[in-house]
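Q: Okay, so the first sequence: first residue is 1 according to the UniProt record's numbering, each after it adds one.
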Amino acid sequence: MEPGIALAPGLVHHPGWLDAASRAALQAEVAAVLAAAPAYTPRMPRTGKPFSVRMTNAGPLGWVSDAAGYRYQPQHPETGAPWPPLPPTVLRAWAALAGYAAPPEACLINLYGPEARMGLHQDRDERDLTAPVLSLSLGAPALFRYGGLKRTDPSRSIRLRAGDALVIGGPSRLIFHGIDRVLAAGDLLDPGEPALPELPAGWRLNLTARRVSPPVAGPVAAKP
DNA sequence: GAGTACCT
DNA sequence: AGGG
1 MEPGIALAPG LVHHPGWLDA ASRAALQAEV AAVLAAAPAY TPRMPRTGKP FSVRMTNAGP
61 LGWVSDAAGY RYQPQHPETG APWPPLPPTV LRAWAALAGY AAPPEACLIN LYGPEARMGL
121 HQDRDERDLT APVLSLSLGA PALFRYGGLK RTDPSRSIRL RAGDALVIGG PSRLIFHGID
181 RVLAAGDLLD PGEPALPELP AGWRLNLTAR RVSPPVAGPV AAKP
């Protein structure tokens with residue numbers, strides 16, 4: 001597993017982990033996901049207030065939020081279709097960085113317009129909290145804020161750029177985190193084929209791979 | 001098992 | 001910073 005920069009125990013930043021070719025490949029993979037599973041606007045539990053971020057998913061399960069609450073489900077909430085397969089680049093990054101044998105089951109794709117934000121929150125809807133969450137960034141840079149295990153713990157922010165990977169695991173698995181703001185220009189989406197017609201310059205895209213359920217028990221060790 | 005991926 |  002590659003070193004990266006430990007921001008806290010279990011919270012590891014890998015700046016520029018995806019090279020230009022991998023970023024282009026991932027963009028093409030995201031374009032395919034969006035074609036099969038269009039971005040939609042999630043809503044807050046109970047109040048139904050819309051998020052500023054748009055979302056879609058890939059993998060056997062996807063994270064969704066609406067007035068009924070947060071949950072993982074196998075189908076797109078609007079089309080009813082199963083989520084498309086996990087992008088190969090996400091699986092490759094997981095194998096290299098997650099330190100977890102079983103593959104991810106969900107890849108949440110967050111699409112941030114120039115004004116989009118994500119308030120401080122915990123990723124705690126997964127039953128398997130021993131697996132890390134792996135984040136990959138594309139497009140415009142953004143200010144990522146992270147704190148501690150309590151909402152009131154002090155927080156810091158770092159800049160995430162296109163190609164950065166971030167592993168959120170171990171003692172940091174349940175830290176509060178969010179996106180303060182997307183930064184203007186600077187990094188545009190790499191020109192790649194096929195382009196992402198739904199993603200104008202100035203947008204940021206984040207993919208988070210998650211293990212939702214504990215892996216089924218493997219072979220039992222032989223007794224002496 | 002609160003809530004709070006939101007808002008003031 | 002903190003709400004109910």
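Where a beta carbon is used, it is the ideal one built from N, C-alpha and C, also for glycine.
In this text, all values refer to a predicted model and were calculated from it rather than measured experimentally.
(1) Could you please give the first and the last residue of the uninterrupted alpha helix (DSSP H) stretch that includes serine 172?
(2) Is glutamine 27 buried or exposed, if buried means 16 or more other CB atoms sit within 10 Å of its CB?
(3) Need the endpoints of the alpha helix (DSSP H) that leucine 34 sits in, please.
(4) If contacts are defined as beta-carbon pairs under 8 Å, then valine 33 and proline 103 qualify, I think. What distance do you get, rounded to the angstrom?
(5) So does the region 172 to 182 actually touch the region 122 to 132, counting three or more Cβ pairs closer than 8 Å?
(6) By the 10 Å Cβ neighbour count, where 16 or more other Cβ atoms means buried, how is isoleucine 5 classified, buried or exposed?
(7) For threonine 89, which of helix, strand or coil comes out of DSSP?
(8) Hey, out of Ala36, Arg151, Tyr112, whose CA is closest to alanine 81's CA?
(9) Excluding five sequence neighbours on each side, which residues of the same chain lie with their C-beta closer than 8 Å to the C-beta of proline 74?
(10) Measuring only the C-alpha atoms, how far is glycine 10 from alanine 98?
(11) Taking C-alpha atoms, which residue in Thr47, Ala201, Leu149 lies nearest to aspartate 66?
(12) On the criterion of 16 or more Cβ atoms from any shown chain inside 10 Å, does threonine 41 qualify as buried, or is it exposed?
(13) Measuring straight from C-alpha to C-alpha, what distance separates cysteine 107 and threonine 152?
(14) Spatial neighbours of arginine 147 within its chain, please: C-beta separation below 8 Å, excluding the five flanking residues on both sides.
(15) So is glycine 139 buried or exposed if we call it buried at 16+ other beta carbons inside 10 Å?
A: For this structure:
(1) First-last for serine 172: undefined, no H or E at that position.
(2) buried
(3) In the DSSP annotation of this structure, the continuous segment of the alpha helix (DSSP H) that includes leucine 34 starts and ends at 20 to 36.
(4) No, valine 33 and proline 103 are not in contact; Cβ-Cβ is about 17 Å, not under 8 Å.
(5) yes
(6) exposed
(7) helix
(8) Ala36
(9) Pro60, Leu61, Gly62, Pro82, Trp83
(10) 11 Å
(11) Thr47
(12) exposed
(13) 28 Å
(14) Note on residue identity: the sequence assigns glycine, not arginine, to residue 147. Here the set comprises Leu120, Asp153, Pro154, Ser155, Arg156, Ile175, Phe176, His177.
(15) buried
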